[in-house]
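A.B. asks: The structure that follows is given in the form of structure tokens.
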Amino acid sequence: MDETAGLRGRVFDLSWPVMAEQVLRTLMRTVDIIVAGFFSPAAVAPVGLADVYVRLPL
2 MDETAGLRGR
12 VFDLSWPVMA
22 EQVLRTLMRT
32 VDIIVAGFFS
42 PAAVAPVGLA
52 DVYVRLPL
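So this is what it looks like as structure tokens:
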């Protein structure tokens, strides 16, 4: 049981930066779409489409 808890702790220590980065990327994309929506509703579509192409390499 202690070995499993230690392994979980090590995995979490290695993975939390990746999880935080993914949350921040999602937040950034959401803010991009909201800001584009303030300019015009027609601007939301290109930003959303560009977002799809940005995610492809990931």
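Under this note's numbering, the sequence shown has 51 at position 50, and the numbering climbs by one with no breaks. All residues carry an ideal CB built from backbone N, CA and C; glycine is no exception.
Can you grab the Cα-Cα spacing for the pair GLY7 / ALA43, in whole Å?
C.D. replies: Within the sequence shown, the letter at position 6 stands for residue 7. Within the sequence shown, the letter at position 42 stands for residue 43. Computed Cα separation, rounded: 51 Å.
A.B. asks: Taking only three categories from DSSP, how would you classify PRO42?
C.D. replies: As a position in the sequence shown, residue 42 is number 41, starting the count at 1. Helix at PRO42.
A.B. asks: Step through the CB atoms of chain D and report whether any lies within less than 8 Å of the CB of PRO58.
C.D. replies: Absent from the structure: chain D. Only one protein chain is present.
A.B. asks: On a Cα-Cα basis, can you pick out the residue from GLY38, ALA37, ARG30 and ASP3 that is closest to TYR54?
C.D. replies: The residue given as residue 54 occupies position 53 in the sequence shown. The shortest C-alpha separation from TYR54 is found at ARG30.
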